[in-house]
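Asker: Numbering (the working numbering), first residue to last: 1370 to 1977.
Beta carbons: idealized from backbone N, C-alpha and C, even for Gly.
These numbers come from a predicted model, not from an experiment.
Here you go, one structure.
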Amino acid sequence: MELYGNTSGLSPSATKTLERIYRRRVPSSDIATPELMRSLVDASVETGRQVGALVHRSGEVDYVVVGDAGKLMLPDIGRLRAAEGRFRGLRLVHTHVRGEPLTRDDLVDLVRLRLDLVCAIQLSPRGEARSLHYAYNVPSEGSGLPYRDVGPLPIAHVDVDVAELMADLETEFAKRTRAREVQGKDGRAILVHIGEKSERDALRSATDRVRELRELAYSAGVEVVDVIVQIRDRIDPRLVLGKGKLDDVIVRAMQLDASVLIFDRELTPTQSSAIAKESDLKVIDRTQLILDIFAQRAESKDGKLQVELAQLKYNMPRLVQKDDSLSRLTGGIGGRGPGETKLEIGRRRAKERVSHLEAQLKKLAAQREQRRRKRTRGGVPTIAVVGYTNAGKSTLLNTLTNARATVLAEDKLFATLDTRSRTLEVGWAGYGDREVVITDTVGFIRELPKDLFAAFRATFEEAADADLILHVVDASDEARDDHIRTTEEVLAELELDEIPRILVFNKMDLVAPFAHKLLEKKQPDAIFLSASQRETTRPLLVRIARDLQERWHESAKVPDPPPTEEDLARDLAEEDALAGHADQGATLDELLRMGGRRVKRSAPRTGQ
């Protein structure tokens, strides 16, 4: 029979006393029997340490745990419950050598491990059982505590039917869980932002980042129930936010029936595993959240392959984690999409799959290159629409092209993932309407995960050959300056910063008149419009025509009128090698033959 916890330094006699606790049986209706309590007290008095028993509903003692004088460290009892709304089926009965009531650690263990009940036997200075203090989980909303504590009570006054109480509570929890499932398909999440005091303007940065993280969660279909922000001197290398704060988050998650923690940073495999183990909650970092959104949005073969490649590259370092937390990655938020069935394969097979996907993506990239060359040979100018995610790029594309088969435009981050192209007719001064190709691209975001950036780099190949870039900005967003800077940084990294660009401020209908004037003064060369209002896009069309006309001059994109024979002869006469022949009265045809020039005549010359 194994003893758990602080077992070092135990005498043989104390060890036998502790092992005898396993012989006790407890009726399902009782918190503990007098015999069990006496055994625990005797062991505590002999060792001077807290001693606890985890009692199963069947009545058997599953674990005997030894702590120190002030704390009991519970073993890993497994984190997955039988079903949503169910408790662990274990209750903790333990001693408090110093006679204190239930501690914060006791209550956190109750909530974190979903124990049926936690009971403290308070000892007197003479080592006698003086009173009981117990607590159990209850449904809670908002600021209400997720548990109810009773006592301290004299042992003789404790009268509770534990089996009946647990049955009633589990029924209530199950009802609430079913209601939550209707409201949020991917569970209820708490967002966690941990910043450092050394960061410049840490509080403002936290506000902006939390707002963006909330939008990402909404785009992923997650219901956000709370936000936790902590500004620390430095990030905890193991738990990121520190043990005490994590305990607060665990209790808060229980209060709000949240099952997911979403961190606004990329977690290392060790950090993710440690937080999941401590909290018994599903842990998602920012990269996983973005991957999940990409997995939902990918429609084309190219997009699905890119998502799977990014998922595999992200999860390969996590495949070496030899614990149950890996199973948390599969299914639901953070583990769906074309790569979800690959998350638990061996590293060798994962590497093989990565190589295969990279080869397929190279073939698709070659095919895209062929299509772009064909367009270039056809003399069709191209425009790429870029910008921060959810800036309104797809809406603008749909409005400009008056598309019947519209590109998906939603008020969500990364609503567009696959590159889509449409044709647009632009009035070309002196030449009538000219056709151009306009391409929507995936939105940019700050600190785009490197695996995603690498996987979707090919997506921006369309922009690489563009003759003009429309940089769309959400003018109503308070962080628009940061978004502009992020987009410019990405364009520079993609070596696209030399392509002519038009800055387009969108959603101006949501901007106050005074702020509108300030923007116009600050960005005099920009275009201001509301993509949902077609009449506001005319200045942009005029600007596109002007800029493309400058970029694609008549000599490049608009063929010159066919040269006349007189023009060619005049040019040839100016060439030194032929000037003498012209002076000697050579005919026009002779001059043309000497210069190797041919002219297609539209009508026969007179006199022939």
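Considering only residues of the same chain and omitting the five flanking positions on each side of Thr1376, which have a CB-CB separation below 6 angstroms?
Answerer: These residues qualify, in order along the chain: Val1435.
Asker: Measure from the alpha carbon of Asp1626 to the alpha carbon of each residue in Pro1515, Asp1577, His1725 and Glu1539, then state which is nearest.
Answerer: Measuring from the Cα of Asp1626, the nearest candidate turns out to be Pro1515.
Asker: Going along the chain, which unbroken runs of the beta strand (DSSP E) with 3 or more residues stay wholly within the region 1601-1658?
Answerer: DSSP runs (the beta strand (DSSP E)) wholly in the region 1601-1658: 1629-1632 and 1651-1654.
Asker: Count Cβ pairs between the region 1661-1677 and the region 1626-1646 that sit closer than 8 angstroms; are there 3 or more?
Answerer: Output reads no: the region 1626-1646 does not touch the region 1661-1677.
Asker: For Glu1647, which residues in the same chain have their Cβ closer than 7 angstroms to its Cβ, ignoring the five residues on either side in sequence?
Answerer: Counting only Cβ-Cβ distances below 7 angstroms, and skipping sequence neighbours, we find Leu1608 and Leu1615.
Asker: According to the Cβ coordinates, are Ala1558 and Ile1631 closer than 7 angstroms?
Answerer: Contact flag set, yes.
Asker: Along the chain, where does the beta strand (DSSP E) containing Tyr1373 start, and where does it finish?
Answerer: Per DSSP, Tyr1373 belongs to the beta strand (DSSP E) from Leu1372 to Gly1374.
Asker: Within its chain, find whatever has a CB closer than 7 angstroms to the CB of Lys1691; leave out the 5 residues flanking it on each side and keep chain order.
Answerer: Bear in mind that the predicted position of Lys1691 carries a pLDDT of just 43, short of 50, making it too unreliable to give a figure here.
Asker: On the DSSP bridge list, what partners appear for His1465?
Answerer: Gln1491, per the DSSP bridge assignment.
Asker: Let's test the definition: count the other Cβ atoms within 10 Å of the Cβ of Ser1724 and tell me whether it reaches 16, buried, or not, exposed.
Answerer: Label assigned to Ser1724: exposed.
Asker: Classify Pro1403 as helix, strand or coil using the three-state DSSP reduction.
Answerer: Helix.
Asker: Is the region 1838-1852 touching the region 1726-1738 in the sense that three or more CB pairs, one from each, lie closer than 8 angstroms?
Answerer: Flag = no, the region 1726-1738 and the region 1838-1852 do not touch.
Asker: Where Val1529 and Asp1843 are concerned, what is the direct C-alpha to C-alpha distance, given to the nearest angstrom?
Answerer: Distance between the alpha carbons of Val1529 and Asp1843 is about 60 angstroms.
Asker: Report the three-state DSSP secondary structure of Phe1822 (helix, strand or coil).
Answerer: In this structure, Phe1822 counts as helix in the three-state DSSP scheme.
Asker: Can the beta-carbon of Glu1564 be found less than 7 angstroms from the beta-carbon of Val1629?
Answerer: In the sequence on display, residue 1564 carries Gly and not Glu. No.
Asker: Where do the N-terminal and C-terminal ends of the alpha helix (DSSP H) with His1852 fall, by residue?
Answerer: Counting along the chain, the alpha helix (DSSP H) containing His1852 begins and ends at Arg1849 to Glu1862.
Asker: What's the C-alpha gap between Val1596 and Leu1572?
Answerer: Answer to the nearest angstrom: the Cα atoms are 14 angstroms apart.
Asker: If the criterion is Cβ atoms closer than 7 angstroms, does the pair Lys1566 and Ile1600 meet it?
Answerer: Yes.
Asker: On the DSSP letters alone, give me the boundaries of the alpha helix (DSSP H) that Pro1381 sits inside.
Answerer: Pro1381 -> alpha helix (DSSP H) spans Pro1381 to Glu1388.
Asker: To the nearest angstrom, how far is it from the Cα of Leu1387 to the Cα of Asp1518?
Answerer: Straight-line Cα distance between these residues: approximately 28 angstroms.
Asker: From the DSSP output, in three-state form, read off Arg1457 for me.
Answerer: The answer is coil: DSSP assigns Arg1457 none of H, G, I, E or B.
Asker: Do three or more CB pairs link the region 1494-1507 to the region 1417-1429 at distances below 8 angstroms?
Answerer: Because the criterion of three Cβ pairs below 8 angstroms is not met, the region 1494-1507 and the region 1417-1429 do not touch.
Asker: Taking Arg1603 as the reference, give the member of Glu1864, Arg1717 and Glu1568 with the closest Cα.
Answerer: When only C-alpha atoms are compared, the closest one is Glu1568.
Asker: Among the candidates Val1593, Asp1475, Arg1621 and Arg1426, whose CA atom is the shortest distance from the CA of Gly1513?
Answerer: Taking only the C-alpha atoms, the option nearest Gly1513 is Arg1621.
Asker: Does the distance from the CB of Asp1485 to the CB of Arg1460 come in under 7 angstroms?
Answerer: Contact flag set, yes.
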